[in-house]
Amino acid sequence: MEKTIDESKQGESLVLEQKEGNQRKLFIESYGCQMNFSDSEIVASILLENGFNTTQNLEDADLVLVNTCSIRDKAEQTVRKRLEKYNAVKKINPGMKVGVLGCMAERLKSKFLEEEKIVDLVVGPDAYKDLPNLVAEVDEGQNAVNVILSKEETYGDISPVRLNSNGITAFVSITRGCDNMCTFCVVPFTRGRERSRDPQSILEEINDLWDKGYKEVTLLGQNVDSYLWYGGGLKKDFVKASDMQKATAVNFSNLLELCAKAQPKMRFRFSTSNPQDMTLDVIETMAKHNNICKYIHLPVQSGSNRILQEMNRQHTREEYFELIDNIKRLIPDCAISQDMITGFPTETEEDHKDTLSLMEYVKYDFGFMFAYSERPGTMAERKMEDDVPADIKKRRLEEIINLQQDHALYRTQQHIGRVEEVLIEKASKRSDAHWSGRNSQNTVVVFPKENYKPGDFVNVKITECTAATLIGEAVGYSENN
Ligand code: SAH
Ligand code: F3S
574 MEKTIDESKQ GESLVLEQKE GNQRKLFIES YGCQMNFSDS EIVASILLEN GFNTTQNLED
634 ADLVLVNTCS IRDKAEQTVR KRLEKYNAVK KINPGMKVGV LGCMAERLKS KFLEEEKIVD
694 LVVGPDAYKD LPNLVAEVDE GQNAVNVILS KEETYGDISP VRLNSNGITA FVSITRGCDN
754 MCTFCVVPFT RGRERSRDPQ SILEEINDLW DKGYKEVTLL GQNVDSYLWY GGGLKKDFVK
814 ASDMQKATAV NFSNLLELCA KAQPKMRFRF STSNPQDMTL DVIETMAKHN NICKYIHLPV
874 QSGSNRILQE MNRQHTREEY FELIDNIKRL IPDCAISQDM ITGFPTETEE DHKDTLSLME
934 YVKYDFGFMF AYSERPGTMA ERKMEDDVPA DIKKRRLEEI INLQQDHALY RTQQHIGRVE
994 EVLIEKASKR SDAHWSGRNS QNTVVVFPKE NYKPGDFVNV KITECTAATL IGEAVGYSEN
1054 N
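Residue numbers for the sequence shown follow our numbering, so the first one is 574 and each next one is one higher.
Okay, here's the thing in structure tokens:
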């Protein structure tokens, strides 16, 4: 079975603050990565200023927006199924308009209007500020499409409304797009060139979240280590920047430190790191600040040097090990997770064994594993044949999932007997008498509620575990509280 990030959140409808005087109702839902969830908060904010309050009720909506994912074929099929549901609802509510946002919108463009008759509006990830105009066009009875990608847009000036929020943890996006061009990946095509957001606007958003009671922020980007602000502009043009711009430039390590110092009691996480772009200074900054969580999502995709090269991953297996060694040397208790793809074109049994042995070396705390899915327009699709049979992909996937399960249990067992700081997020799904939160390493911890409440930082003594969850008992507030 495939695991996906945010599986529990897929398609959840979102709640939103309301604005008096707004007459129309927006139903917005998101699929795919955390960036999509974060983008939907920007979209809701833009539409809140333009006459739309949100509803959780699809049947009541004047406008339905679905923020889509193209990363694997299965993700696209899920969205198509959802459109069938909208079609059924439209029979009861004929005035309802339907818009598609995100990566599928960008990939399919106006073809979407032909393929799915239900769709009135197609808007790519860099065109959300145009939504009020596009909705006006739809109101006049036309279809509307804007899929123009931008080299500047970061939505840094939009204050996102927090959708479906627990009021404790939030996402803050710091870069958009990706320039890495991994040969299997559709993201560079759907999200465009990489750009970084002004650190000042990031800090303002973080300070505002703290004032509103939030306790943890995850800095988001397709490739956060590549963050670089020198007054705007693409990273590749940094060579042309003035001496002044170069002297005052902010890289990811600087940004992390700025955040950690701006709100010393707030926890910071970040995602995603790419091995070829992660530098030692980022690890050193993490080690220096208690409030930067000791967890790195470090996708590797394959353990075979030949496959890594075919994937255009820009690093070797040996370089990856060196990075892992450095992380463990500077931050011994740092948790590390992976993304892995099985059955990339030409992958042999030998390559697959290299993946298993790489996993054995790292023993990841978590993992997100996928069978290769050919994506139209990518280099792999154009230059390589999808030649690993589905049953072999599946068997290899099962093998790495099983191995990951063993390693996850090995890792959670290391926590038993320790006292760890946990930020309480919500009641445990399994038991209303227990709180659920996460430790610095991002592992879920559950423990009896006593008099603690969501948002508290609590020291918990870990007594038991499964491969995914730590179980313990609170021993008091942590000094961060
Ligand atoms: N840098 C991004 C990566 C997004 S894609 C980030 O922020 O995480 C997430 C994961 O999906 C990738 O790491 C990869 O493991 C998987 N993936 C991407 N393209 C894929 C494809 N064509 N088939 C199968 N899995 C894929
Ligand atoms: Fe995709 Fe590689 Fe960028 S996986 S998002 S092209 S780092």
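Ideal placement from N, C-alpha and C gives every residue a C-beta, glycine not left out.
Secondary structure of residue i, DSSP reduced to three states
i     : result
E580  : For E580, the pLDDT reaches just 37, beneath the cut-off of 50, and the residue's location in the model is therefore unreliable, although a value from the coordinates is still provided. Here E580 sits in helix by DSSP.
V921  : Here the sequence assigns Thr to residue 921, which means Val is not the residue at that position. Coil, per DSSP.
G672  : strand
T651  : helix
V759  : coil
N780  : helix
A700  : coil
E689  : coil
E1037 : strand
M913  : strand
M942  : strand
E713  : coil
S738  : coil
T641  : strand
E947  : coil
T928  : helix
E585  : Legend: pLDDT at E585 = 45, less than 50; position of this residue unreliable, value from coordinates given subsequently. Coil at E585, not helix or strand.
A678  : helix
S683  : coil
K592  : coil
A908  : strand
S603  : strand
L517  : Outside the shown range of the chain, which is 574 to 1054, sits residue 517, and nothing can be said about it.
Top-ranked residue by Cα proximity to residue i, from the options
i     : options                     : result
N1015 : W1008, M754, T985 and M677  : T985
P733  : C907, L970 and N609         : N609
K647  : K664, A634, M677 and Q629   : M677
L970  : T928, A1000, P698 and L996  : T928
G675  : Y934, E713 and R764         : R764
V873  : S910, K867, Y604 and S826   : S910
E883  : D959, K967 and F625         : D959
C606  : D1005, A963 and G750        : G750
Q591  : R735, C907 and V671         : R735
K936  : P918, D964, G876 and K966   : G876
V1082 : S611, A661 and G672         : Nothing about residue 1082 can be read from this structure; the chain reaches only from 574 to 1054.
V720  : D752, L681, V855 and K690   : L681
L982  : A908, F685, Q836 and A1006  : A908
P962  : I856, A1000 and T919        : T919
H988  : V1033, D1005, L722 and A709 : V1033
V616  : C758, I731 and Q836         : I731
N1024 : I747, W1008 and L976        : W1008
D854  : C866, R879, K867 and N824   : N824
T748  : I1035, Y728, I965 and Y868  : Y728
L1082 : G740, K690, A700 and T1039  : This structure does not reach residue 1082, given that the chain is present from 574 up to 1054, and the question cannot be answered.
Which residues DSSP lists as bridging residue i, in chain order
i     : result
W802  : V823
R597  : F625
V568  : Since the first residue of the chain shown is 574 and the last is 1054, residue 568 is not available in this structure.
R768  : R749
L722  : DSSP, once it has assigned bridges, lists no residue as partnering L722.
V935  : DSSP lists no partner for V935.
G1045 : I1035
F744  : T791
V797  : DSSP lists no partner for V797.
Residue i CB to nearest heavy atom of ligand 4 below 6 Å
i    : result
T845 : Ligand 4 is not among the ligands present in this structure, which contains only ligand 1 and ligand 2.
Cutoff 7 Å: residue i Cβ touching any chain B Cβ
i    : result
L782 : Protein chain content of the structure displayed is limited to a single chain, and chain B is not contained in it.
For the 8 Å Cβ check, are there 3 or more pairs between the stretch 650 to 665 and the stretch 624 to 642?
Counting Cβ pairs under 8 Å, three or more are found: they touch.
Are the stretch 910 to 929 and the stretch 940 to 954 touching by the rule of at least three beta carbon pairs closer than 8 Å?
A contact exists between the stretch 910 to 929 and the stretch 940 to 954.
Extract the residue ranges of the alpha helix (DSSP H) inside the stretch 811 to 896, only unbroken runs of 4 or more that lie entirely within it.
Within the stretch 811 to 896, the complete alpha helix (DSSP H) runs of at least 4 residues are 816 to 820, 825 to 835, 853 to 861 and 878 to 883.
Is the stretch 898 to 905 in contact with the stretch 1033 to 1052, if contact means three or more CB pairs nearer than 8 Å?
No: the two stretches stay apart, fewer than three of their Cβ pairs being nearer than 8 Å.
Should the stretch 804 to 821 be regarded as contacting the stretch 778 to 793, the criterion being three or more beta carbon pairs within less than 8 Å?
Three or more Cβ pairs closer than 8 Å define a contact, and the stretch 804 to 821 falls short of that threshold against the stretch 778 to 793.
Hey, is the stretch 921 to 935 in contact with the stretch 947 to 954, meaning 3+ C-beta pairs nearer than 8 Å?
These segments do not touch.
Which ranges does the alpha helix (DSSP H) cover as unbroken runs of at least 4 residues, wholly within the stretch 950 to 1028, from first to last along the chain?
Counting only runs of 4+ residues, the alpha helix (DSSP H) found wholly inside the stretch 950 to 1028 occupies 952 to 956 and 963 to 986, in chain order.
Report yes or no: do the stretch 862 to 881 and the stretch 833 to 843 share at least 3 C-beta pairs separated by less than 8 Å?
Contact between the stretch 862 to 881 and the stretch 833 to 843 is established, with three or more Cβ pairs separated by less than 8 Å.
contact_flag[the stretch 847 to 858, the stretch 797 to 812] where n(CB pairs < 8 Å) is 3 or more:
Counting Cβ pairs under 8 Å, three or more are found: they touch.
Inter-stretch contact at 8 Å, needing at least 3 Cβ pairs: the stretch 983 to 999 / the stretch 1013 to 1027
Touching, per the Cβ criterion.
Would you call the stretch 592 to 603 and the stretch 615 to 633 in contact, with 3 or more CB pairs under 8 Å?
Of all C-beta pairs linking the stretch 592 to 603 to the stretch 615 to 633, three or more are shorter than 8 Å, placing the two stretches in contact.
Given 8 Å as the limit, is there contact between the stretch 704 to 715 and the stretch 615 to 625, that is, 3 or more CB pairs closer than that?
Taking one beta carbon from each stretch, the stretch 704 to 715 and the stretch 615 to 625 have 3 or more pairs nearer than 8 Å; the two touch.
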